[in-house]
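Presented below is the structure to which this report refers.
Numbering (this note's numbering), first residue to last: 26 to 168.
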């Protein structure tokens, strides 16, 4: 499911990744937008409720690419898989995506309920390659 395409501003390629999220209730598979500018993976509240996440009670806020300030709560996804690399009990930020964010994601031909952040990618040993429009596997080194 690695794939990409040029964005509307011509600033290079967008990066997509095949993702599955397993919660306490269900499993959802989708193509997610990789956002190198986002630290945490962000999940829409509807998707979080559908799969069954565990909320931590910790609140966070962020500003979307459209300039909207979003308030969310950190939750735990039982299993988050990125391109078949499985992460157990991964933290995500659950927010309510507005229509503008959903539409922007749909125009990029990705799921409108999730945006992958760099912390998730690093834990799965990937980095986004925006020149190629795909994820690149990296080795983990200890110093």
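We put the beta carbon where it would ideally sit given N, CA and C, even for glycine. On a predicted model such as this, the values are computed, not experimentally measured, just so you know.
(message) In the DSSP assignment, the beta strand (DSSP E) including residue 87 goes from what residue to what residue?
(response) In the chain shown, counting from the first residue as 1, residue 87 sits at position 62. Taken as a continuous stretch (DSSP letters only), the beta strand (DSSP E) holding residue 87 covers 79-88.
(request) Could you tell me if residue 134 is buried or exposed, where buried requires 16 or more neighbouring beta carbons within 10 angstroms of its beta carbon? (result) Translated into positions along the chain shown, residue 134 becomes position 109. Residue 134 is exposed by the Cβ-count criterion.
(request) Output the residue ranges of the alpha helix (DSSP H) runs that lie fully inside the stretch 114-157 and measure 4 residues or longer, sorted by chain position. (result) 124-132 and 143-148
(request) Locate the alpha helix (DSSP H) running through residue 76, then write down its first and last residues. (result) Sequence index remark: in the chain shown, residue 76 carries index 51 (1-based). First-last of the alpha helix (DSSP H) with residue 76: 70-76.
(message) Out of 52, 132, 137 and 67, which one is the CA nearest neighbour of residue 85?
(response) Within the chain shown, numbered from 1, the residue matching residue 85 stands at position 60. Nearest of 52, 132, 137 and 67 to residue 85, Cα basis: 67.
(request) Taking only the alpha-carbon atoms, compute the straight-line gap between residue 156 and residue 38 and give it to the nearest angstrom. (result) By 1-based counting over the chain shown, the position of residue 156 is 131. By 1-based counting over the chain shown, the position of residue 38 is 13. Rounded to whole angstroms, residue 156 to residue 38 spans 6 Å at the Cα level.
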